[in-house]
Amino acid sequence: MALQAASLVPSSVSFHKEGKCIGFKETSFFGVSFSDHLKAEFHAPSLRIKQESRNGMIKAQAVTESPSINQATPEGKKTLRKGNVVITGASSGLGLATAKALSMMGNWNVTMACRDFLKAEKAAKRVGMAKGTYSVMHLDLASLESVRQFVDNFRRSGKPLDVLVCNAAVYLPTDKDPTFTADGFELSVGTNHLGHFLLSRLLLDDLKQSDYPLKRLIIVGSITGNSNTVAGNVPPKANLGDLRGLAGGLNGVNTSSMIDGGEFDGAKAYKDSKVCNMLSMLEFHKRFHEETGITFSSLYPGCIAETGLFRNHVALFRTLFPPFQKYITKGYVSEEEAGKRLAQVVSDPSLTKSGVYWSWNNNSKSFENELSKEASDEEKAKKLWEVSEKLVGLA
Ligand code: NDP
Ligand code: PMR
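First residue of the sequence shown? That's 338 in my numbering, and the numbers climb one at a time after it.
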């Protein structure tokens, strides 16, 4: 890691001013030839910008389902009730910025599902979220029991669930040895993937029951899990292999703590978990979109280089990473901008297309991005689903 941090700006990299294109000398960097990957990352946006109109299924819902219209207002006017969105990890970074953006829209009740209740309350107040637009509920994704408890508590609150955002994550790039969740899974995959997998599987029923015209399950992905990009080729690269470590329980005792069965590597474990997030979204889409009308989405919100995600990285990395992303790769976005992007995936009526991995171009316009071969591998998505079901006690 120290090597990676110290090598943030290699001499073989040059960049055009507009931030549209990065030129790498045709030498390999970290043993990777970048020229093959640049096309997908930097030219895809202009080719693929596409604002989807509503698909037939959602339109049909809007017509046939009316209970979300409250007709009992004093004036007898029809008003759409507020939408209810649950955001995991809303106590900082992207989750907090998204919660704030939605709470300011005025038509959302935001449930901040957080492991540190007090931190979340303070954060909501600090960023000026108005009373009555949000509530905080305890959720520790590193404990399956806590996930089940959260689902029970949420149901007891009596609120319908219209949108679930699986956002929380940990990134442990400097750890030499694995740490584990309450259930004995390696912490990054256990939190980022398995905790969210159980949460979204359990809450799928609640989403199905929602009468709101817009029902969505969003699982935050990332560019670093996609090997069809430059960022996704920075070692260590994501690779789930044949999932033998995951199938063994990721407990590091009798089996590996890594999904592919290899030696522990914290940075790789995070990137693997992001591949799992994107594969899960695709498998949800395949299994449930047609039947339920729920929109399943993933996204890369941009490089939000100053969030708490990098709290465990070396100090040098935390100093150099923001200017590197701002001035060299031009991939940097502020927390506020990233929050608006995720809030758009939650609430924009035009982003109803399901099974999409959203990204944004330099003008902050959304487009359907392409997932890497591994992050869109249907066989792997199915296997991941089945193995994960067993690990979280659903099969
Ligand atoms: P932050 O560290 O700021 O936010 C992560 C959130 O997850 C925090 O609220 C944290 O809680 C919460 N969290 C961690 N562990 C648990 C747990 N066991 N149970 C419940 N909540 C937990 O990072 P970001 O905002 O950057 O990350 C948010 C998402 O964005 C992640 O999915 C990440 O992969 C993704 N992403 C980030 C990018 C970036 O450049 N930063 C780029 C692409 C994707 P607490 O406050 O208590 O620590
Ligand atoms: Mg990356 C060329 C574009 C680009 C983009 C958009 C990112 C995003 N990164 C890019 C390039 C590079 N990075 C290059 C050329 C290098 C080598 C110098 C590089 C290095 C690097 C490191 C060491 N980058 C990193 C790290 C991390 O520790 C971060 C990470 O992988 O976290 C998992 C990271 C990131 N780069 C990004 C983004 C968005 C990250 C953050 C993490 C994430 O996926 O959530």
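All residues carry an ideal CB built from backbone N, CA and C; glycine is no exception.
Just so it is clear, the structure is predicted and the values come from calculations on it, not from any experiment.
Among R624, V488 and R463, whose alpha-carbon lies nearest the alpha-carbon of G692? Start at 1 with the first residue of the sequence shown, and residue 692 comes out as number 355. Looking from the CA of G692, the closest CA among R624, V488 and R463 belongs to R624.
Am I right that S525 and V507 are in contact with their C-beta atoms under 8 angstroms? What's the rounded C-beta distance? Looking up residue 525 in the sequence shown gives position 188. Looking up residue 507 in the sequence shown gives position 170. Right, their Cβ atoms sit about 6 angstroms apart.
Would T632 pass as a contact of L554 if the rule is Cβ separation under 9 angstroms? Counted from its first residue, the sequence shown places residue 632 at position 295. Counted from its first residue, the sequence shown places residue 554 at position 217. Their beta carbons are under 9 angstroms apart, which means T632 touches L554 by this criterion.
A712 at chain C interface by Cβ criterion, 9 angstroms: Of the protein chains in the structure, only one exists, and it is not chain C.
How many Å lie between L577 and V670 at the Cα? Start at 1 with the first residue of the sequence shown, and residue 577 comes out as number 240. Start at 1 with the first residue of the sequence shown, and residue 670 comes out as number 333. Distance between the alpha carbons of L577 and V670 is about 29 angstroms.
Closer than 8 angstroms to a non-hydrogen atom of ligand 4 - does that hold for the CB of E705? With respect to ligand 4, the structure shown offers nothing to examine, as its ligands consist of ligand 1 and ligand 2.
Taking only heavy atoms of ligand 1 into account, decide whether any of them is closer than 8 angstroms to the Cβ of T425. Counting from 1 along the sequence shown, the entry for residue 425 is found at position 88. Checking the Cβ of T425 against ligand 1 gives yes.
If you run the structure through DSSP and keep just helix, strand and coil, what is N570? Within the sequence shown, numbered from 1, the residue matching residue 570 stands at position 233. Helix, per DSSP.
Any non-hydrogen atom of ligand 1 within 8 angstroms of V507 CB: Position 170 of the sequence shown holds residue 507. Yes - ligand 1 has a heavy atom lying nearer than 8 angstroms to the Cβ of V507.
In its own chain, which residues sit with a C-beta less than 8 angstroms from the C-beta of E674, not counting the 5 before and 5 after it? Position 337 of the sequence shown, counting from 1, holds the residue named residue 674. Cβ within range, chain order: G639 and S701.
Could you give the residue range of the alpha helix (DSSP H) that holds T470? For the purposes of this step, residue 470 is taken as residue 133 along the sequence shown, with counting starting at 1. Per DSSP, T470 belongs to no alpha helix (DSSP H) and is neither H nor E.
Beta-bridge partners of F517, as assigned by DSSP: Stepping through the sequence shown from its first residue, residue 517 is reached at position 180. Paired residues: E523.
Rounded separation between G589 and G569 - CA only: As a first step, residue 589 must be located in the sequence shown, where it is residue number 252. As a first step, residue 569 must be located in the sequence shown, where it is residue number 232. If you draw a straight line from the Cα of G589 to the Cα of G569, it comes to about 26 angstroms.
Take the Cβ of E620 as the centre, count every other Cβ of all protein chains shown within 10 Å, and call the residue buried at 16 or more, exposed below. The residue you call residue 620 lines up with position 283 of the sequence shown. Its Cβ being crowded by 16 or more others within 10 Å, E620 is buried.
Among G598, F517 and E482, the one whose alpha carbon lies nearest that of R581: One-based indexing of the sequence shown puts residue 581 at position 244. It is G598.
Tell me which residues share the same chain as E402 and place their Cβ nearer than 6 angstroms to its Cβ, disregarding the 5 neighbours each side in the sequence. Locating residue 402 in the sequence shown gives position 65, counting from the first residue. Per-residue confidence for E402 stands at a pLDDT of 34, beneath the threshold of 50, marking its modelled position as unreliable; no derived number is given.
Could you give the residue range of the beta strand (DSSP E) that holds V693? As a working note, residue 693 is residue 356 in the sequence shown. Per DSSP, V693 belongs to the beta strand (DSSP E) from V693 to W697.
Integer Cβ distance of L728 from G586, believed to fall under 8 angstroms: On the sequence shown, residue 728 is found 391 positions in, with the first residue counted as 1. On the sequence shown, residue 586 is found 249 positions in, with the first residue counted as 1. That belief holds up - the Cβ atoms of L728 and G586 are roughly 7 angstroms apart, short of 8 angstroms.
Taking the straight line between their C-alpha atoms, what separation do you get for T470 and Q681? Taking the first residue of the sequence shown as 1, we reach residue 470 at position 133. Taking the first residue of the sequence shown as 1, we reach residue 681 at position 344. Their backbone Cα atoms lie some 18 angstroms apart in a straight line.
What residue range does the beta strand (DSSP E) around C613 cover? As a working mapping, residue 613 is identified with position 276 in the sequence shown. Looking at the DSSP string, C613 is not in any beta strand (DSSP E); the run it does join, the alpha helix (DSSP H), is G603 to T629.
Which value, in whole angstroms, describes the spacing of the CA atoms of L734 and A712? As displayed, the chain neither begins before 338 nor continues past 732, which places residue 734 out of reach and without an answer.
Three-state class that DSSP yields for G336 in the structure shown: With the chain running from 338 to 732 in the structure shown, residue 336 is simply not present.
Identify the continuous alpha helix (DSSP H) that holds M441 and give its terminal residues. Start at 1 with the first residue of the sequence shown, and residue 441 comes out as number 104. Looking at the DSSP string, the run of the alpha helix (DSSP H) that includes M441 is G430 to M442.
State the start and end residues of the unbroken alpha helix (DSSP H) segment that holds G582. Sequence index remark: in the sequence shown, residue 582 carries index 245 (1-based). Where G582 is concerned, the enclosing alpha helix (DSSP H) stretches over R581 to A584.
F658 versus W697 - alpha carbon distance: Stepping through the sequence shown from its first residue, residue 658 is reached at position 321. Stepping through the sequence shown from its first residue, residue 697 is reached at position 360. Going by the C-alpha atoms only, they are around 20 angstroms apart.
The beta strand (DSSP E) that contains Q704, what's its start and end? Numbered from 1 along the sequence shown, position 367 holds the residue referred to as residue 704. Note on identity: in this sequence residue 704 is Phe, with Gln being the wrong assignment. From DSSP, the beta strand (DSSP E) with F704 extends over S703 to N706.
Does I395 come out as helix, strand or coil in the three-state DSSP assignment? Position 58 of the sequence shown holds residue 395. Its pLDDT being 30, under 50, I395 is placed unreliably by the model, and nothing is read from it.
Closer than 7 angstroms by C-beta to T518: which residues in its own chain qualify, once you throw out the five before and the five after it? Chain order, please. Here residue 518 is taken as the residue at index 181 of the sequence shown, counted from 1. Answer for T518: A479, S480, L524, G527 and T528, listed in chain order.
Taking its Cβ as the centre, do 16 or more other Cβ atoms sit within 10 Å of E672, making it buried, or is it exposed? The residue labelled residue 672 in the question sits at position 335 within the sequence shown. That one is buried.
Taking C-alpha atoms, which residue in G495, S610 and D477 lies nearest to F487? Here residue 487 refers to the residue found at position 150 of the sequence shown. Among G495, S610 and D477, the Cα nearest to that of F487 belongs to D477.
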